[in-house]
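I have placed the structure first, in the form of structure tokens, so that the comments after it can refer back to it.
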Amino acid sequence: MSTTAAPIVCIGGLNIDRKLKLLSNSLQGSSNPCESHETPGGVVRNVAENLARLGLPAALVAAVGDDAGGRMLLEQAATVGIDTRAVIRLRRHASDSYTAVLAPDGSLELGLASMPLVERLNPWALEASKALRAGAALVVADGNLPTDAWPLLLGEARASGIPLVGVAVSEAKMERLPERLDGLHLLVLNLGELATIAADANAAFDALHARGVGCVLVSKGADGLLLSEREHAPRHWPAPRVHVVDVTGAGDALSAGVCAALLRDCDDFDAAARLGLDLAALTLQTTDSVHPELTPRFLEER
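The sequence shown lines up with residues 833 to 1134 when you count with our numbering.
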């Protein structure tokens, strides 16, 4: 990771990902055979690792416990080149975790999130990393953040002009976003999360732009992306066709690719969509939340 370039500051979830892949269709109320796999996870943590593996300076603002899981998360982040100096260590707490139950085809059947520590990232806790954000090239925040963190980050983005990218994490947590989103350069979400704004996609785009969002990027999974900018008709980007091994982390890779492209040109959302789709396609082909063989060459070839 470069130590001189302005960092991409990633704020939000840092947790253990536990993946349980069913060997056959699930039987409710019964024991189901599965394969288990454990990796570091968390939406912005995954974004940060993708960026670091691409050779870009990534700094993490998050919270971990003082347990074995927390130590593993910090050690692994340091190994891949993520700056963890702004990660809050909470004594006598277990680190956050996310358990994904996957169907035999790799699709998500059930997700279980135990994420109390990310709730600690309130404005008071974020004060410690204010200078880090002020020197950022880009700030990425995920939807795990508590409601009161958003006005602070949006206000900083408006005052500084540093692009702020929001990454949704679930339909349930969409309500954490404030009514006014002025200062949000880009919001990345999926169709289910978009539907919490309005049932009709075009109406949802209009509503988000009216609330202040500059660009909205919606993942449609295997059907690619929808991209909406103010005063432009939404446009569609098809997804590359790949053999899907595991969907976990693909959305985070999409967001990382988008952020990497925005570093080149913060207003070229079409280039961001293309790079995001390419990185997501690569991640779909591994059981890890971040592709372990990702290198800066990925960017050099695009």
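Here a beta-carbon is modelled for each residue, glycine too, at the ideal position from N, C-alpha and C.
- Message: If you follow the alpha helix (DSSP H) that G861 is in, where does it begin and where does it stop?
- Response: Looking at the DSSP string, G861 is not in any alpha helix (DSSP H), and its letter there is neither H nor E.
- Item | Proximal residues to S1121 (C-beta, below 6 angstroms), its chain only, five neighbours per side dropped | Around S1121: D849, T871, G873, N878, T1080 and G1081.
- Message: Taking DSSP's pairing of strands, which residues face N882 in a bridge?
- Response: Partner(s): none; N882 has no beta bridge.
- Can you grab the Cα-Cα spacing for the pair R885 / L964, in whole Å? Computed Cα separation, rounded: 21 angstroms.
- Message: Helix, strand or coil for G1142? Go by DSSP, reduced to three states.
- Response: Examination of residue 1142 is not possible in this model, given that the chain is present from 833 through 1134 alone.
- Query: The beta strand (DSSP E) with H1068 in it runs from where to where?
  - Reply: Per DSSP, H1068 belongs to the beta strand (DSSP E) from R1067 to W1069.
- Reduced DSSP category for S1087 - H, G, I as helix; E, B as strand; rest coil: Residue state, collapsed to three classes: helix.
- Query: CA-CA distance, L992 and L977?
  - Reply: With the sequence shown as reference, residue 992 is identified as Ser, and Leu is not the correct amino acid for it. Cα to Cα, S992 sits roughly 21 angstroms from L977.
- Message: The beta strand (DSSP E) that contains V933, what's its start and end?
- Response: Per DSSP, the unbroken beta strand (DSSP E) holding V933 starts and ends at D928 to L934.
- Would you mind stating whether I840 and A1000 have Cβ atoms separated by less than 8 angstroms? With respect to the 8 angstroms criterion, I840 and A1000 are not classified as neighbours on the basis of their beta carbons.
- Message: Taking the beta carbon of S834 as the centre, do at least 16 other beta carbons fall within 10 Å, making it buried, or is it exposed?
- Response: Because the pLDDT at S834 is just 44, under 50, the model does not fix this residue reliably, and the value given afterwards should be weighed accordingly. Residue environment for S834: exposed (fewer than 16 other C-beta atoms within 10 angstroms of its C-beta).
- Mind reading off the beta-carbon distance from L892 to D915? Whole number of angstroms is fine, and I expect it under 8 angstroms. Your pair L892 and D915 checks out as a contact, with CB atoms roughly 7 angstroms apart and the cut at 8 angstroms.
- Query: When the Cα of V950 is compared with those of G943, L934, E1011 and R921, which residue comes out closest?
  - Reply: Restricting attention to G943, L934, E1011 and R921, the CA atom closest to the CA of V950 is found in R921.
- Can you check the segment 1020 to 1101 for any beta strand (DSSP E) of at least 3 residues that lies completely inside it and give the ranges in chain order? When DSSP assignments are scanned along the segment 1020 to 1101, the uninterrupted stretches of beta strand (DSSP E) that are 3 or more residues long and fall wholly within it turn out to be 1047 to 1051, 1057 to 1061 and 1067 to 1069.
- Task: Could you say which of W1069, S862, L1013 and S946 lies nearest to L1057 if we only look at CA atoms?
- Result: Of the candidates W1069, S862, L1013 and S946, the one whose C-alpha sits nearest the C-alpha of L1057 is W1069.
- Task: Give the secondary structure of C895 by DSSP, where H, G and I count as helix, E and B as strand, and everything else as coil.
- Result: For the record, residue 895 in the displayed sequence is Ala; it is not Cys. Strand.
- CA-to-CA distance, G913 to N954, given in whole angstroms: If I take the Cα positions, the gap works out to 26 angstroms.
- If you follow the alpha helix (DSSP H) that G987 is part of, which residue opens it and which one closes it? Boundaries of the alpha helix (DSSP H) harbouring G987: A981 to S992, taken from the DSSP string.
- Query: Taking the C-alpha atoms as reference points, what is the distance between R923 and V896?
  - Reply: Cα to Cα, the separation comes out at about 9 angstroms.
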